[in-house]
Amino acid sequence: MEFSFERLLIWQKSRSIVKEVYKIASMFPPHEKYGLSDQIRRAAISVSSNIA
Numbered sequence: 000m001e002f003s004f005e006r007l008l009i010w011q012k013s014r015s016i017v018k019e020v021y022k023i024a025s026m027f028p029p030h031e032k033y034g035l036s037d038q039i040r041r042a043a044i045s046v047s048s049n050i051a
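Per numbering that gives the first Met the number 0, the sequence shown runs over residues 0 to 51.
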């Protein structure tokens, strides 16, 4: 049986969080686009990447 991290519930939930973070970050003011917004998005992606 082959292991697939995509089947882990925690990984699936982390992907949902990434989607929500992207929605919220898109509402940030334009001057935060490459600052705080980018940092928050990278942090959210890091969670699911570390699970994989």
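Using N, Cα and C, we set each Cβ at its ideal position, and we do this for glycine too.
Where residue i falls, given that 16 or more other Cβ within 10 Å makes a residue buried
| i | result |
| --- | --- |
| A51 | exposed |
| S36 | buried |
| S3 | exposed |
| S47 | buried |
Nearest candidate by alpha-carbon position, reference residue i, set the options
| i | options | result |
| --- | --- | --- |
| A43 | Y33, G34, R14 and K32 | R14 |
Residue j beta carbon less than 8 Å from that of residue i
| i | j | result |
| --- | --- | --- |
| I39 | V17 | no |
**Asked** Pairing CB atoms from the segment 27 to 37 with CB atoms from the segment 2 to 19, are three or more of them under 8 Å?
**Response** no
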